[in-house]
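Undergrad:
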Amino acid sequence: MTQPTDTVRHIILDTDTGIDDALALLYLAGSEDVEISAITSVYGNTPVDAAVTNIARVLAVASETVPGIDEVLVARGADGPLNGEPRIAGHVHGADGLGDLWSTPITPKNLSPLSSAELIVELARSRPGYYDLLPVGPLTNIGLALQIEPQLLTMFRSVVIMGGSGPFPPLGTVQMVDANIHNDADAAALVFAAPRQRLVMVGVNVTAGTIVDEQAVQALHRAGTPWGTFSAQILEAYMDFYQFAWGRRVSPAHDGLAAALLVHPEWITGALEGPVNITTDGFATRAHLVRTAEGLPVSWPTDDAPDTVVVVDVDREAFLSDFVRVLAGR
Ligand SMILES: [Ca+2]
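For what it's worth, the numbering used here labels the leading residue of the sequence shown as 129, then goes sequentially.
1) By Cβ distance, which residues of its chain are closer than 7 Å to residue 240, with the 5 residues on each side in sequence left out?
2) Once you ignore the five residues that flank residue 314 on each side, which residues in its own chain have a CB closer than 8 Å to its CB?
3) Can you list, in chain order, the residues of its chain with a C-beta nearer than 6 Å to that of residue 291? Leave out the 5 residues immediately preceding and following it.
4) Please determine whether the Cβ atom of residue 306 lies at a distance below 8 Å from any heavy atom of ligand 1.
5) For residue 134, which of 187, 189, 164 and 285 has the nearest alpha-carbon?
6) Are there three or more Cβ pairs, one per stretch, closer than 8 Å when the segment 164 to 177 is compared with the segment 132 to 152?
7) Quick one, are the C-beta atoms of residue 198 and residue 177 less than 9 Å apart?
8) Taking only the alpha-carbon atoms, compute the straight-line gap between residue 469 and residue 238 and give it to the nearest angstrom.
9) Between residue 290 and ligand 1, is there a pair consisting of the residue's CB and a ligand heavy atom that are separated by less than 8 Å?
10) Residue 324: buried (16+ other C-beta within 10 angstroms of its C-beta) or exposed?
11) Check whether the Cβ of residue 145 sits closer than 8 Å to any heavy atom of ligand 1, and report yes or no.
12) Determine, using beta carbons only, whether residue 396 and residue 151 come nearer to each other than 9 Å.
13) Rounded to whole angstroms, what is the Cα-Cα separation between residue 402 and residue 233?
14) Relative to the C-alpha of residue 336, which candidate in 181, 400 and 370 has its C-alpha closest?
15) So what's residue 416 in DSSP terms, helix, strand or just coil?
16) What number of angstroms, rounded off, separates the C-alpha of residue 322 from the C-alpha of residue 279?
17) Tell me whether residue 202 counts as near ligand 1, meaning its Cβ is closer than 8 Å to at least one heavy atom of that ligand.
18) Using CA atoms only, rank isn't needed, just tell me which of 446, 244 and 172 is closest to residue 225.
19) Going by the C-beta, is residue 148 closer than 8 Å to any heavy atom of ligand 1?
20) Suppose only complete runs of 4+ residues qualify. What are the alpha helix (DSSP H) ranges in the segment 165 to 205, listed by chain order?
21) Pull up the CB-CB distance for residue 277 and residue 317, whole angstroms please, since I reckon it's below 8 Å.
22) For ligand 1, is there a heavy atom less than 8 Å away from the beta-carbon of residue 404?
23) Taking DSSP as the reference, what is the three-state secondary structure of residue 130?
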């Protein structure tokens with residue numbers, strides 16, 4: 129078994145491949161000390177078949193700089209939550225999940241015959257402690273995988289999730305709805321209750337404030353590389369949506385930040401540890417550390433769960449400069 133001190137991270141990326149997922153994938157492809165071991169798709173930002181297509185499209189771009197990366201194993205996953213109907217975010221990411229910029233079909237070179245959940249279980253069992261799991265979409269595939277292998281999360285070196293909302297926010301603060309938890313709260317409940325080595329929650333409490341701005345997009349355009357041009361094009365489409373949230377052309381780095389914190393845990397500058405529960409206010413379902421913003425217990429009896437590392441502060445400057453540098457390509 130590979131020792132956890134191995135500097136290379138062997139990452140299984142589970143993704144509902146919309147725009148921020150695509151950037152996270154490209155960023156990992158260009159990062160040192162990262163091996164993308166498999167990519168498992170799920171519905172969410174886009175239907176699952178579009179997620180598979182988008183993975184192939186990003187890998188094709190990535191392979192212009194990283195030869196052979198388009199051979200990485202890809203799996204097709206869940207097309208809806210454990211219970212109920214899927215909510216697809218076409219209004220944010222475009223009907224095809226990448227801003228509707230391409231019309232040519234493309235398929236992965238190395239599509240697994242296994243489902244995403246089956247592939248995740250098979251890889252985890254084959255090399256316990258070797259892989260890191262990075263879910264950046266609804267947690268449905270991981271929920272299904274836990275139904276096959278209840279000890280699943282203990283078999284990963286770490287699990288880093290883009291999702292959740294941190295501790296309860298300061299009074300009077302409205303948080304962005306975290307689509308990943310909201311899309312499949314039942315799967316999320318299974319994940320946060322499951323035994324694990326290390327589970328890190330990178331929620332909208334930190335991702336929503338980690339902003340890629342128009343200067344970053346211009347820098348990516350100016351790079352004049354296939355990576356920079358691709359990244360800038362899809363970011364422009366993302367900003368077409370987010371300008372109506374914040375009145376300016378910016379977008380949060382959501383999935384890219386989670387990916388970066390897996391590779392660079394030193395950029396986590398604040399974290400709390402404790403049980404995470406799934407809660408609903410009648411509109412949105414969220415995953416919260418069951419503590420108030422001040423660190424106090426909440427006002428109802430909470431469910432027992434193993435500790436999750438809940439990120440509450442990050443080195444945004446270090447992340448954003450590395451993110452733009454890598455996405456600009458070579
Ligand atoms: Ca995502």
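Positions of the beta carbon are idealized from the N, C-alpha and C atoms, including for glycine.
TA: Reading off the structure:
1) 201, 202, 203 and 247
2) 209, 210, 211 and 271
3) 306, 308 and 309
4) no
5) 285
6) yes
7) no
8) Here the chain comprises residues numbered 129 to 458, so residue 469 is not present and cannot be evaluated.
9) yes
10) buried
11) yes
12) no
13) 45 Å
14) 370
15) strand
16) 7 Å
17) no
18) 172
19) yes
20) 176 to 190
21) Between residue 317 and residue 277 the Cβ distance is about 17 Å, and since that is not below 8 Å, they are no contact.
22) no
23) Model confidence at residue 130 stands at a pLDDT of 47, short of 50, so the residue's coordinates are unreliable; what they give is reported in the following sentence. Residue 130: coil per DSSP, three-state reduction.
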